[in-house]
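**Student:** This is the structure I want to talk about, given as structure tokens.
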Amino acid sequence: MLHINAVDSGANAPASIKKSSFSTIANRFGVFLMIGALFIVGAFASPQFFSASNFLNILSAVSILGMVAAGVAFVIYCGKYGDMSVPMVMAISGVISVELMRYGLVPAICGAVATGAVIGCVNGVVIGKLKVNAIIWTLAMNFILEGLVRWSYKGEQIYPDMATESTYQTGFLLPLMHSLDSHIMEIDLVKRAEAFNGLAQTYFFGRIPLMLVVMVCVMAACYFVMSKTAYGNQLKVVGSSYDVGNMSGIRATSVVMGAFMVSSICASLAGVFITSINKVGAFYVGQGYDFQAVTAIILGGMSLAGGRGSIIGVFGGVFLMGLISNILTLFGVGTFTQKMISGAIFIVVVAVNARSLRKLGRDDA
Amino acid sequence: MKKKLFLIAALCIVMAATMSLAACSGGGQEEAPADDTATTEEPAATDTTDEPAATESNLDASKALMASLESVKGSDGQPLLIYGEAREVPEKPADPDALPEDDPLKYWNIEYAGRQTEKAEEIKSPADGCIGKKIIAIGQSEHPYWTAVFNGAKTAADALQMELTTWNPNGDLNQQNQLIDKAIAEKPDIIMLSPLDAKASAQQFKKIYDAGIPAIAYNMVPSDEAMRYVLALTAPDDFGQFKKLGEYVAEAVGGKAGVCYMTHLPGGSPYFARYSNVRAFYAENYPDMKYLDHQSPGFEAPKAKQVVADWITKYGDQLNVIVLSDDSAQAEGCAQAIREAGRDDIKVVAAGNSKVGMDLVKSGGLFAITYQSAEADGAIAVRAAAEYFNGETLEPCYYLPQAIITKDNVADYEPAQW
């Protein structure tokens, strides 16, 4: 029998440490307290702040970040600090989807997701089985993938609606597709590209972007897996203590591999959407999302030490990032000042979170 | 244990193979000489013949190639070599930096860099022809615009039978400085440098000058001090282009609008040319083009989208014009925010001209963009180098032509170079 609750609740903490109710609230709802505080500030920023369109704008702007963060949360939850290969997984999935969209949207999305799954699987095997440091390995993987994309496309970018004979001599699958399909040049790319680029311009009820719906679905699925399944429990145990997990009969390697696969699959979905927005596949698409995702996750109260936090908190962290940017722009604050204020808020949230965890006896927070 | 070792070994081999593959290709970073046969054989031929006669024949052949270069076309079917006119230089203020933000002369040192600079003693041209001369071109980043710049430079170098090597510092100033040291160590005949930072450029060009190697500044305007050590500057006239673009959109809205600006990376000359310059231009010529806000969200569509959505929320009907520094990611994000808000009345202008930007002009997502031939950006620098080796006197600055691309004339500029 696994003692998951014991690990989580800090039952081994010294008896002198009493749980403070504020600490419990700060630990569980810290990010939402901050969001509540920012709502009050936002009310002074603009009369339109509480409008539905403003909130839709905020959520829409962080949709891609939300997809990435949901996946990376699995990696952090299982105690592996982060997935630095996210930017290039997004980029490579984007170019693969542009290559495959010649045969329709479904092959394009499936191909991108499969690419992400393969990369995640490699990351997971190396980190889980060989116990290589996750940050170093995923960083190395990011460099390798970047080199591959640049080499493969000779430093150029790929457009969904344009291809010449030379286009089919570059890329990952295009030369193979060209040699196997003699009619590939006859495919109406403009029509296919309309469908692909339309991914980022599809709205439900005329206003809710498809990518926001996808982000919410991804978050919901990740929440379910992390909180309601045996795999989620195993992640928690492995995240709390890898060795304890192994000794408890959990196949920690598989658990870690699964976490990296989820991370890469989410990143590849995000890659498809960001490529659709940009209407171009290129190596630089997705840059910066690794650090942004980790920031959102930590803001959401997930511990870098692993085993603590929730997807609801991650959603809060992602929303908080969008909210900060929104309010500061509404106040007319410049980009540099925005960065400083965002950094200060980050420090405050992390400090409050860490302090409350220590008060609760989780001194490795 | 054995299994684990085998796995590690296998992974190392795969990584090493991938890296060497990428390194060999250079990812577009380093290119082979333009034409090995032509570039290596010509100088060898001069060594074995009577020297003055060989010099003369090389010079004559070089001049003939220069003439034929005029007919070479770029990948868009337009002439590869295109030049614009240099604008008149106003009198330099005593202390431009002390002037207020909205004074057009505040940016004199960047806008007119090199135009009136007293040059250091010029490194004497061998005047023996450009054929076989080795150029090292140091760029800025791996952006597709730069791929097109180097394509243009390579086309020109091929046509002139010069040997061109291109290096990219990936947007890192330290790496660019290291590449300059490496280039000096290789002793090329000339170095072409696109400085990442205007302030750091004086030191960079001085170092090249002190090593006895002539240099050309291209693509990006260096500081006026740096121009002392530079044979010539070849670049787009970003300031002139954006004055023109600003004027075009101001006339379209009757000279009265609320304007927001999305800037380039702060510090570089495009930041000043595409934001400060337009703002100052409006303050002087169109006082009713009111400044509302400026932000620097970088070149990422979702961030640009959020900024524009926030502007629309904050300024509502006051916002009528948006000036962007980029017609790709910034423009896509901006167009999406405007579409979602149903604010088709907002006129958006941007620096161009990528394929994405020209598509947006056609679809109405962008009102106008500037014309900037990336291939010409690289090619005119190579031509200036060739002129130097042919013993001709160089102008201090060569600019790309200025033009505005709108829905009416966008077809004339297709296909896009990048």
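Residue numbers (my numbering), protein chains in the order written: chain A, 1217 to 1581; chain B, -10 to 407. Using N, Cα and C, we set each Cβ at its ideal position, and we do this for glycine too. None of these values were measured; they are calculated from a predicted model.
Secondary structure at Asp306/B, three-state DSSP: helix, strand or coil?
**Tutor:** Three-state DSSP puts Asp306/B in a helix.
**Student:** Given that a residue counts as buried once 16 or more other Cβ atoms are within 10 Å of its Cβ, and exposed if not, what is Asp1377/A?
**Tutor:** Asp1377/A comes out buried.
**Student:** Compute the distance between the beta-carbons of Val310/B and Val242/B, then report whether it is under 8 Å.
**Tutor:** Taking 8 Å as the Cβ cut-off, Val310/B and Val242/B qualify as a contacting pair.
**Student:** Using the beta-carbon count (16 or more within 10 Å), is Asp227/B buried or exposed?
**Tutor:** Per the 10 Å Cβ criterion, buried.
**Student:** Could you name the residues of the same chain whose beta carbon sits closer than 7 Å to that of Ala200/B, not counting the 5 residues immediately before and after it, in chain order?
**Tutor:** Answer for Ala200/B: Ile173, listed in chain order.
**Student:** Could you tell me which uninterrupted beta strand (DSSP E) segments, each at least 3 residues in length, are contained entirely in the segment 158 to 206 of chain B, listed from first to last along the chain?
**Tutor:** Entirely contained in the segment 158 to 206 of chain B, the beta strand (DSSP E) runs reaching 3 residues are, in chain order, 179 to 182.
**Student:** On the DSSP letters alone, give me the boundaries of the beta strand (DSSP E) that Val1441/A sits inside.
**Tutor:** Element bounds for Val1441/A: not the beta strand (DSSP E) but the alpha helix (DSSP H), 1426 to 1444.
**Student:** What residues match up with Trp156/B in a beta bridge as DSSP calls it?
**Tutor:** Its beta-bridge partners are Ile127/B.
**Student:** Which whole-angstrom value describes the C-beta separation of Ala1307/A and Val1501/A, a residue pair presumed to lie in contact below a C-beta threshold of 8 Å?
**Tutor:** Their Cβ separation, rounded to whole angstroms, is 5 Å, which keeps Ala1307/A and Val1501/A in contact under 8 Å.
**Student:** Between the C-alpha atoms of Thr223/B and Ala206/B, what's the straight-line distance to the nearest angstrom?
**Tutor:** Going from the Cα of Thr223/B to the Cα of Ala206/B covers about 6 Å.
**Student:** Going along the chain, which residues of the segment 102 to 133 of chain B sit with their C-beta nearer than 8 Å to a C-beta in chain A?
**Tutor:** Hits within the stretch, in order: Glu131, His132, Pro133.
**Student:** My parser needs the beta strand (DSSP E) runs of 3 or more residues fully inside the segment 316 to 394 of chain B; what are they?
**Tutor:** Runs of the beta strand (DSSP E) inside the segment 316 to 394 of chain B: 336 to 339, 357 to 359, 386 to 388.
**Student:** How many Å lie between Pro1263/A and Met278/B at the Cα?
**Tutor:** Cα to Cα, Pro1263/A sits roughly 25 Å from Met278/B.
**Student:** Is there at least one Cβ from chain B nearer than 8 Å to Leu1428/A's Cβ?
**Tutor:** Closer than 8 Å: no.
**Student:** Cβ of Asp147/B less than 8 Å from any chain A Cβ?
**Tutor:** Not closer than 8 Å to any Cβ of chain A, the Cβ of Asp147/B fails to qualify, so no.
**Student:** Label Gln129/B either buried or exposed according to how many other C-beta atoms from any shown protein chain fall within 10 Å of its C-beta, with 16 as the threshold for buried.
**Tutor:** Classification of Gln129/B: buried, given that the 10 Å Cβ count is 16 or more.
**Student:** What does the alpha-carbon distance come out to for the pair Asp25/B and Glu152/B?
**Tutor:** Interpretation of Asp25/B is limited by its pLDDT of 36, a score under 50 that renders its predicted location unreliable; the figure taken from the coordinates is listed afterwards. Looking at the two C-alpha atoms, the distance is approximately 8 Å.
**Student:** Would you say Ala1307/A faces chain B, with C-beta separation under 8 Å as the test?
**Tutor:** So, not an interface residue.
**Student:** Please name the residues in the segment 1531 to 1548 of chain A whose beta-carbon is closer than 8 Å to at least one beta-carbon of chain B, in chain order.
**Tutor:** Residues Gly1538, Ser1541, Asn1542, Thr1545, Leu1546, Gly1548.
**Student:** Kindly indicate if chain E contains any beta-carbon less than 8 Å away from that of Glu321/B.
**Tutor:** Among the chains of the structure shown, chain E does not appear; the protein chains present are A and B.
**Student:** So which residues on chain B does Ile1493/A lean against when the C-beta distance must stay under 9 Å?
**Tutor:** Under the 9 Å cutoff, chain B gives Ala290, Pro291, Lys294, Ala318, Glu321, Gly322, Gln325.
**Student:** Between the Cα of Val1472/A and those of Leu1361/A, Ile1424/A, Ile1351/A, Asn1339/A, spot the shortest distance and give me the residue it belongs to.
**Tutor:** Checking every option, the nearest Cα to that of Val1472/A belongs to Asn1339/A.
**Student:** So is Val1334/A buried or exposed if we call it buried at 16+ other beta carbons inside 10 Å?
**Tutor:** By the 10 Å Cβ count, Val1334/A comes out exposed.
**Student:** Does Ser362/B get closer than 8 Å to chain A when you measure Cβ to Cβ?
**Tutor:** So no, Ser362/B is outside the interface.
**Student:** Would you mind telling me which residues of chain A sit closer than 8 Å to Asp86/B, beta carbon to beta carbon, in chain order?
**Tutor:** The premise fails here: Asp86/B is roughly 19 Å from chain A at the closest Cβ pair, so nothing lies under 8 Å.
**Student:** Could you give the first and the last residue of the continuous beta strand (DSSP E) run that contains Val248/B?
**Tutor:** Segment 246 to 251, the beta strand (DSSP E) holding Val248/B.
**Student:** Do three or more CB pairs link the segment 1383 to 1393 of chain A to the segment 1310 to 1325 of chain A at distances below 8 Å?
**Tutor:** Yes, since at least three Cβ pairs between the segment 1383 to 1393 of chain A and the segment 1310 to 1325 of chain A fall closer than 8 Å, the two stretches touch.
**Student:** Could you have a look at Gly1310/A and say whether DSSP puts it in helix, strand or coil?
**Tutor:** Three-state result, Gly1310/A: helix.
**Student:** Return the chain-ordered list of same chain residues with a C-beta closer than 8 Å to the C-beta of Thr252/B, the five sequence neighbours on each side being excluded.
**Tutor:** Around Thr252/B: Tyr260, Arg263, Tyr264, His283, Gln284, Ser285, Ser314.
**Student:** Can you give, in chain order, each stretch of the beta strand (DSSP E) that sits fully within the segment 1261 to 1302 of chain A and has at least 3 residues?
**Tutor:** Fully enclosed beta strand (DSSP E) runs of 3 or longer: not present.
**Student:** Counting only Cβ pairs nearer than 9 Å, list the residues of chain A close to Val345/B.
**Tutor:** Result: Tyr1375, Asn1494, Lys1495, Val1496.
**Student:** Distance check for Gly1532/A and Ser1572/A, CA to CA, integer angstroms please.
**Tutor:** C-alpha separation (whole angstroms): 18 Å.
**Student:** Which residues bound the alpha helix (DSSP H) around Lys1555/A?
**Tutor:** 1551 to 1575 is the extent of the alpha helix (DSSP H) around Lys1555/A.
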